[in-house]
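Before any comments, here is the structure.
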Amino acid sequence: MNSLEILNISSNHFNGNIPFELSYLKNIKTLVFDHNNFTGNVPDWLGSLSSLTVLSFKNNSFDGILPFSLSRLVSVRVLDLSGNRLSGDVPVDFKNLTNLQVLNLENNQFGPSFPVLHHRLLVLSLRMNRFTNGIQGYDLHSFSQLQKLDLSSNEFNGPFPDYLFSLPSLS
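Per full-length UniProt numbering, the sequence shown starts with residue 1, numbered consecutively.
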């Protein structure tokens, strides 16, 4: 199974932890485990899967904080961890994910600080979390390719960052 590149087990009733044996899939490019009942922390060993371009664990029951090791997934283009119970701040080294185009962390418990991210994102969805601060001082001006931004249902306060209207690709 070392040559396996895509593993999609979405929409089943799998539960428990993600098996450690998956860490041996060094050529895996796509892992999609959406709509299952996986629990526990997002495994730290995922950061060793350096060929991953798509990682999607949406709508499971993961909890805890994101492991720092995910910031080593330098090839990842799509990261979707929405619909879990993940909390705390997004690791600051996510800014090193320079190939990341789609980041969906909606419907979790992330916060309070707005994440530091690389400016090449096309889609950023952080809705339904607990972000309270950071967007006013955060420089989204350089996100010139950003097409979709969803920050709804958080706890932001203060003046609206009107520079969002100047992002050329935002729809």
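Glycine included, C-beta positions come from ideal geometry on N, C-alpha and C.
Keep in mind that this is a model prediction, so the values were computed, not measured.
Going by Cα to Cα distance, which pick from 61, 17, 169 is closest to residue 121?
Within the sequence shown, the letter at position 121 stands for residue 121. With respect to the C-alpha of residue 121, the residue from 61, 17, 169 having the closest C-alpha is 169.
If you drop the 5 nearest sequence neighbours on each side, which residues of the same chain put their C-beta closer than 7 Å to that of residue 99?
Within the sequence shown, the letter at position 99 stands for residue 99. Excluding sequence positions up to five before and after residue 99, its CB lies within less than 7 Å of the CB of 74, 75, 76, 77, all in the same chain and listed in chain order.
So, with DSSP's three-state summary, where would you put residue 95?
Along the sequence shown, one-based indexing puts residue 95 at 95. Helix, per DSSP.
Under the three-state reduction of DSSP, which class applies to residue 113: helix, strand or coil?
The residue labelled residue 113 in the question sits at position 113 within the sequence shown. It is a strand residue.
Residue 143 - DSSP class collapsed to helix/strand/coil:
Start at 1 with the first residue of the sequence shown, and residue 143 comes out as number 143. Here residue 143 sits in coil by DSSP.
What did DSSP end up calling residue 158 once you bin it into helix, strand or coil?
Residue numbering aside, residue 158 sits at position 158 when the sequence shown is read from its first letter. Three-state result, residue 158: coil.
So, residue 181 versus residue 31, is the Cβ gap smaller than 8 Å?
Look at the range of the chain in this structure, 1 to 171, and you will see that residue 181 is not part of it.
Check each candidate in 87, 164, 26 and name the one with the smallest Cα separation from residue 6.
To locate residue 6, count along the sequence shown from 1; it is residue 6. The residue among 87, 164, 26 with its C-alpha nearest the C-alpha of residue 6 is 26.
Buried/exposed call for residue 38, threshold 16 Cβ in 10 Å:
Counting from 1 along the sequence shown, the entry for residue 38 is found at position 38. With a threshold of 16 other beta carbon atoms within 10 Å, residue 38 meets it and is buried.
DSSP three-state label for residue 87, please.
Against the sequence shown, residue 87 aligns to sequence position 87. Three-state DSSP puts residue 87 in a strand.
Indicate whether residue 35 and residue 2 have their beta-carbon atoms separated by less than 8 Å.
Your numbering for residue 35 matches position 35 in the sequence shown. Your numbering for residue 2 matches position 2 in the sequence shown. Their beta carbons are not under 8 Å apart, which means residue 35 does not touch residue 2 by this criterion.
Which residues in the same chain have their Cβ closer than 8 Å to the Cβ of residue 66, if we skip the five residues on either side of it in sequence?
In the sequence shown, counting from the first residue as 1, residue 66 sits at position 66. Only 42, 81, 86, 88, 90, 91 meet the Cβ criterion.
Could you check which residue in 28, 29, 45 has the C-alpha nearest to that of residue 19?
If you number the sequence shown from 1, residue 19 lands on position 19. Of 28, 29, 45, the residue nearest in Cα terms is 45.
Integer Cβ distance of residue 112 from residue 131, believed to fall under 8 Å
Walking along the sequence shown from the start, residue 112 turns up at place 112. Walking along the sequence shown from the start, residue 131 turns up at place 131. Rounded, the Cβ-Cβ distance is 6 Å, consistent with contact.
Residues near residue 13 by beta carbon distance below 8 Å, same chain, minus five either side
Here residue 13 refers to the residue found at position 13 when the sequence shown is read from its first residue. Beyond the five residues adjoining it in sequence on each side, residue 13 comes within less than 8 Å, by CB distance, of 36, 37 in the same chain, given in chain order.
Leaving aside the five residues before and after residue 61 along the sequence, list all residues of the same chain whose C-beta is less than 7 Å from its C-beta, in chain order.
The count along the sequence shown starts at 1 and reaches residue 61 at position 61. Excluding sequence neighbours, residue 61 sits near 37, 38, 39, 84, 85.
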